[in-house]
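Note sheet for the following structure.
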Amino acid sequence: MRATPGRPLLFRTQVALLMLALLVLLPGCASTGKQASALERAQYAWSGAVRWNDMKTAWQLVDPDYRTAHLVSELDFARYEQVQVTGYRETSATAGPEEAMREIQIGVVNRHTMAERTVRYTERWRWDAAAGTWWIVDGLPDFWAGE
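For the sequence shown, this note's numbering assigns the number 2 to the initial residue and increments by one for each residue that follows.
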C-alpha cells in the first residue's frame, strides 16, 4: 500500500482491519437475528394459544424434557376449559442468546362463577440449538395459584 496525500498508510490499514473485523462478526449477527426472530415467533404462538384457551397447542411449545417429567392428563386440559382468558399483557421482557424471560399479566374469568381475576405469570424460554427453536421451560400457566 502506498501512502496518498491526505490518507496516510496507517489510516488505510485501520479501515482495512475494521472491515475485516465486521466481516468476521457478521455471521454471528445473522444467527443472533435468526434466534431473535425465532423467539418472537414462538412467543407470538404461545401468547395466541393461551389467549384463545388452546392449551393443547400451548403444551406443544413447552420444553420436551418438562413435558416428559410433568405429564398432563385430559382432566388437566379439561380444567383449563373452565376458565376464559380475557387479557394477556406483557409487563417486562429480557432476552439473551440462550435464555429469555417475560413477565405477563393474564386476565382470567371462571366460566361458572363469572368471577374475574388477574394472574401474574413468568415465561422463561430457552434456546434449543439442535431443534432450532425456543421452548418455554415452566409448563402451562397456573390459573389457580393462590386460590
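Ideal Cβ positions, reconstructed from N, Cα and C, are used throughout, including at glycine.
Computed from a predicted structure; not experimentally measured.
Taking the continuous alpha helix (DSSP H) assigned at residue i, which residues delimit it?
{"i": "aspartate 77", "result": "75-81"}
{"i": "arginine 186", "result": "Residue 186 cannot be examined here, being either before or after the span of the chain that is shown, 2 to 148."}
Answer with buried or exposed for residue i, where buried requires no fewer than 16 other C-beta atoms within 10 angstroms of its C-beta.
{"i": "valine 25", "result": "Its pLDDT being 41, under 50, valine 25 is placed unreliably by the model, and the measurement read from it follows with that caveat. It is exposed - the Cβ of valine 25 has fewer than 16 other Cβ atoms within 10 Å."}
{"i": "alanine 50", "result": "buried"}
{"i": "methionine 56", "result": "buried"}
{"i": "glycine 29", "result": "Low local confidence applies: a pLDDT of 40 at glycine 29 is under 50, so the model's placement there is unreliable, with the coordinate-based value given in what follows. Glycine 29 is exposed by the Cβ-count criterion."}
{"i": "leucine 62", "result": "buried"}
Along the chain, where does the beta strand (DSSP E) that runs through residue i open and close?
{"i": "tryptophan 60", "result": "Per DSSP, tryptophan 60 belongs to no beta strand (DSSP E); it is in the alpha helix (DSSP H), 56-60."}
{"i": "threonine 134", "result": "134-137"}
{"i": "glutamate 100", "result": "100-111"}
{"i": "alanine 94", "result": "84-96"}
Give the single residue among the options whose Cα lies nearest to the Cα of residue i.
{"i": "valine 120", "options": "Thr114, Arg127, Leu141 and Thr134", "result": "Leu141"}
{"i": "tryptophan 1", "options": "Val109, Trp126 and Glu100", "result": "This structure cannot speak to residue 1, because the chain is shown only from 2 to 148."}
{"i": "alanine 79", "options": "Ala101, Asn54 and Met102", "result": "Asn54"}
{"i": "isoleucine 137", "options": "Gln36, Thr69, Thr95 and Pro65", "result": "Pro65"}
{"i": "alanine 59", "options": "Gln36, Ala70, Thr69 and Gln44", "result": "Gln44"}
{"i": "threonine 123", "options": "Val109, Ala131 and Glu104", "result": "Glu104"}
{"i": "glutamine 106", "options": "Thr114, Glu99 and Glu91", "result": "Glu91"}
Taking 8 angstroms as the threshold (C-beta atoms), are residue j and residue i in contact?
{"i": "arginine 118", "j": "glutamine 83", "result": "no"}
{"i": "tryptophan 128", "j": "tryptophan 135", "result": "yes"}
{"i": "tyrosine 89", "j": "arginine 52", "result": "yes"}
{"i": "threonine 87", "j": "glycine 108", "result": "yes"}
{"i": "leucine 40", "j": "alanine 101", "result": "yes"}
Hey, does residue i have any beta-carbon neighbour from chain D nearer than 8 angstroms?
{"i": "histidine 71", "result": "The chain labelled as chain D is not found in the depicted structure, where only one protein chain is given."}
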